[in-house]
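Okay, so here's the structure we're looking at.
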Ligand SMILES: [Zn+2]
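Take a look at the structure:
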């Protein structure tokens with residue numbers, strides 16, 4: 004046998020992953036992606052993603068940690084738990100053979116997505132129409148959100164604590180909503196503006212009705228008719244918008260795309276695609292892992308991870324503290340700090356796929372390519388890596404080992420070419436504990452657009468990579 008040249012010894016090659024996919028893996032890929040599509044179609048908001056996740060966790064035997072704390076239960080290796088944070092963020096874990104102090108293997112993604120939030124005083128009437136005023140959430144390109152069907156999701160909470168959940172626009176017979184746009188015939192002035200200025204954020208108001216109330220004495224009959232219907236169907240009044248969280252999102256389920264059905268087009272794939280892949284990996288984890296496996300599905304990433312349900316909050320470390328306390332032995336802050344510092348994490352977030360229609364924003368060697376597997380992003384940031392949680396070469400080497408052993412197809416890529424822009428994830432928030440963190444996830448086309456596009460192969464390899472990471476011991480031979 005000829006001696007291997009360095010070239011032949013290469014195990015990291017970038018090629019279309021379908022070329023080497025076995026029929027068995029191909030079947031698994033379709034199964035994972037079908038279940039993902041089902042999850043994505045139901046999880047149209049962070050609250051729904053949270054509820055769907057908990058349903059799947061409970062069905063797989065995960066127990067509510069808060070219930071275990073109240074009951075004074077003790078945790079042992081193999082136990083499966085989850086904990087909710089305000090109905091929006093969720094942490095799930097499988098206790099490993101090693102004590103928590105030795106660190107956890109964490110995969111963390113986010114379940115909030117760019118959208119249009121309804122204001123607290125939103126309803127008004129103008130031009131024979133009733134509209135709801137919105138304040139957009141996250142980084143949207145405003146011109147993309149007009150003249151398309153929107154669904155309304157969210158909750159009204161009454162002063163007595165009663166919560167009314169609404170979802171309009173997803174079922175086939177449901178009405179939908181929309182933001183109107185100018186006709187080309189009258190868009191002379193608008194057409195001269197830049198894309199960023201063409202649509203005023205303040206004017207992203209949603210058309211919700213046009214029929215007058217039968218109340219002859221009312222001043223704003225169309226607005227009143229909307230309120231009458233809301234009251235009839237949901238028992239809410241105009242004042243109840245004050246304590247509501249209502250979100251307009253693109254209406255309808257995700258769909259397969261391409262004549263070969265190799266892609267998925269759907270709303271909210273940033274970052275529910277990685278969130279689902281992480282959750283599914285934890286659900287599929289066989290037996291008791293060597294190190295405790297943990298999945299975090301968090302809220303508020305798109306607006307900087309702030310707030311009680313964002314990664315800036317203490318929810319994660321509080322929950323690890325609770326788990327430590329239930330694992331026996333006296334709780335100590337030092338043990339908590341060790342557990343956090345000794346942890347390994349894949350910050351599961353999306354990257355941008357190379358798009359031939361906008362080739363100029365990428366540097367091809369270091370851009371994520373469709374169907375080339377899950378995307379490992381050593382650093383994010385902008386203008387000279389500013390704001391990046393730059394993962395260490397040592398840690399990236401460990402991930403290479405884990406992925407290679409499990410046959411995970413992956414690619415190393417960064418977001419866009421130097422000085423074109425940039426982005427961030429929750430990686431830096433976890434890195435402050437001193438743990439090893441690197442970004443890893445599915446790369447998308449049309450990221451942050453109402454309908455984002457992902458490749459099934461990349462989704463499957465991301466799931467497979469997360470599973471290998473959660474399962475794999477450190478430096479195992
Ligand atoms: Zn995003």
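Numbering (this note's numbering), first residue to last: 4 to 480.
Note that the Cβ used here is the ideal one computed from N, Cα and C, for glycine as well.
1) At the level of alpha carbons, what is the spacing between residue 428 and residue 419?
2) Do the CB positions of residue 72 and residue 320 come within less than 8 angstroms of each other?
3) Can you tell me which residues form a DSSP beta bridge with residue 138?
4) Find the nearest neighbour of residue 135 within the set 242, 208, 97, judged by alpha-carbon distance.
5) Could you tell me the distance, in whole angstroms, from the CA atom of residue 334 to the CA atom of residue 103?
6) Under 8 angstroms between C-beta atoms, does residue 423 make it to chain D?
7) For the alpha helix (DSSP H) holding residue 283, just list the boundary residues, first then last.
8) Go through its chain and collect everything with a Cβ distance to residue 133's Cβ below 6 angstroms, but skip five positions before and after it.
9) Does ligand 1 have a heavy atom nearer than 7 angstroms to the CB of residue 305?
10) Span of the alpha helix (DSSP H) holding residue 224?
11) Please report the straight-line C-alpha distance between residue 146 and residue 23, rounded to a whole angstrom.
12) Residue 406 to residue 469, Cα distance in whole Å?
13) Measuring only the C-alpha atoms, how far is residue 441 from residue 235?
14) If you run the structure through DSSP and keep just helix, strand and coil, what is residue 292?
15) Roughly how many whole angstroms lie between the Cα atoms of residue 297 and residue 85?
16) Helix or strand or just coil, what does DSSP make of residue 35?
17) Helix, strand or coil: how does DSSP classify residue 479 here?
18) Would you mind working out which of 413, 140, 456 sits nearest residue 15, comparing C-alpha positions?
19) In its own chain, which residues sit with a C-beta less than 6 angstroms from the C-beta of residue 150, not counting the 5 before and 5 after it?
20) On a CA-only basis, which of 121, 239, 349 is nearest residue 160? Give me that one, please.
21) Pull the bridge partners of residue 258 from the DSSP assignment, please.
22) Out of curiosity, what's the CA-to-CA distance linking residue 191 and residue 463?
23) Pick out whichever of 272, 237, 255 has its Cα sitting closest to the Cα of residue 446.
24) What residue range is occupied by the uninterrupted beta strand (DSSP E) comprising residue 92?
25) Kindly indicate the opening and closing residues of the alpha helix (DSSP H) around residue 54.
26) The beta strand (DSSP E) that contains residue 402, what's its start and end?
27) Does the separation of the CB atoms of residue 330 and residue 377 fall below 8 angstroms?
In brief:
1) Indexing the chain shown from 1 puts residue 428 at position 425. Indexing the chain shown from 1 puts residue 419 at position 416. Roughly 15 angstroms separates the two Cα atoms.
2) Looking up residue 72 in the chain shown gives position 69. Looking up residue 320 in the chain shown gives position 317. Not in contact: residue 72 and residue 320 (Cβ atoms no closer than 8 angstroms).
3) One-based indexing of the chain shown puts residue 138 at position 135. Residue 138 pairs with 120.
4) As a working mapping, residue 135 is identified with position 132 in the chain shown. Distance from the Cα of residue 135 is smallest, within the candidate group 242, 208, 97, for 208.
5) Position 331 of the chain shown, counting from 1, holds the residue named residue 334. Position 100 of the chain shown, counting from 1, holds the residue named residue 103. So the alpha carbons of these two residues sit roughly 12 angstroms apart.
6) Looking for chain D here will not work: only one protein chain is present.
7) Within the chain shown, numbered from 1, the residue matching residue 283 stands at position 280. Residue 283 -> alpha helix (DSSP H) spans 272-286.
8) Within the chain shown, the letter at position 130 stands for residue 133. Here the set comprises 211, 212, 225, 226, 229.
9) Here residue 305 corresponds to residue number 302 of the chain shown, with the count starting at 1. For residue 305, the shortest separation between its Cβ and any heavy atom of ligand 1 lies below 7 angstroms.
10) Mapped onto the chain shown, residue 224 falls at position 221. 224-237 is the extent of the alpha helix (DSSP H) around residue 224.
11) The sequence position of residue 146 within the chain shown is 143, counting from 1. The sequence position of residue 23 within the chain shown is 20, counting from 1. Between residue 146 and residue 23, the C-alpha separation is close to 40 angstroms.
12) In the chain shown, residue 406 corresponds to position 403, counting from 1. In the chain shown, residue 469 corresponds to position 466, counting from 1. Spanning the two alpha carbons is a distance of roughly 9 angstroms.
13) As a position in the chain shown, residue 441 is number 438, starting the count at 1. As a position in the chain shown, residue 235 is number 232, starting the count at 1. Those two C-alpha atoms are separated by around 50 angstroms.
14) As a first step, residue 292 must be located in the chain shown, where it is residue number 289. Coil, per DSSP.
15) For the purposes of this step, residue 297 is taken as residue 294 along the chain shown, with counting starting at 1. For the purposes of this step, residue 85 is taken as residue 82 along the chain shown, with counting starting at 1. If I take the Cα positions, the gap works out to 9 angstroms.
16) For this step, residue 35 is matched to residue 32 along the chain shown. Of the three classes helix, strand and coil, the one that applies to residue 35 here is helix, per DSSP.
17) As a working mapping, residue 479 is identified with position 476 in the chain shown. Confidence is the limiting factor: at residue 479 the pLDDT is only 49, short of 50, which leaves the residue's position unreliable, though a coordinate-based value still follows. Residue state for residue 479 is assigned as coil, using DSSP reduced to three classes.
18) One-based indexing of the chain shown puts residue 15 at position 12. Here the closest residue by C-alpha is 413.
19) The count along the chain shown starts at 1 and reaches residue 150 at position 147. Same-chain partners within the cutoff: 184.
20) Mapped onto the chain shown, residue 160 falls at position 157. Closest option to residue 160, Cα to Cα, is 239.
21) What you label residue 258 is simply residue 255 of the chain shown in a count that begins at 1. Under DSSP, the beta-bridge partners assigned to residue 258 are 268.
22) For the purposes of this step, residue 191 is identified with residue 188 of the chain shown, where counting begins at 1. For the purposes of this step, residue 463 is identified with residue 460 of the chain shown, where counting begins at 1. Rounded to the nearest angstrom, the gap between the Cα atoms of residue 191 and residue 463 is 46 angstroms.
23) If you number the chain shown from 1, residue 446 lands on position 443. Checking every option, the nearest Cα to that of residue 446 belongs to 272.
24) In the chain shown, residue 92 corresponds to position 89, counting from 1. Looking at the DSSP string, the run of the beta strand (DSSP E) that includes residue 92 is 92-97.
25) On the chain shown, position 51 is the one that residue 54 refers to. Run containing residue 54: 49-62, per the alpha helix (DSSP H) assignment.
26) Reading the chain shown from its first residue, position 399 is the one you call residue 402. Per DSSP, residue 402 belongs to no beta strand (DSSP E); it is in the alpha helix (DSSP H), 396-409.
27) Numbered from its first residue, the chain shown carries residue 330 at position 327. Numbered from its first residue, the chain shown carries residue 377 at position 374. No, Cβ-Cβ distance for residue 330 and residue 377 is not below 8 angstroms.
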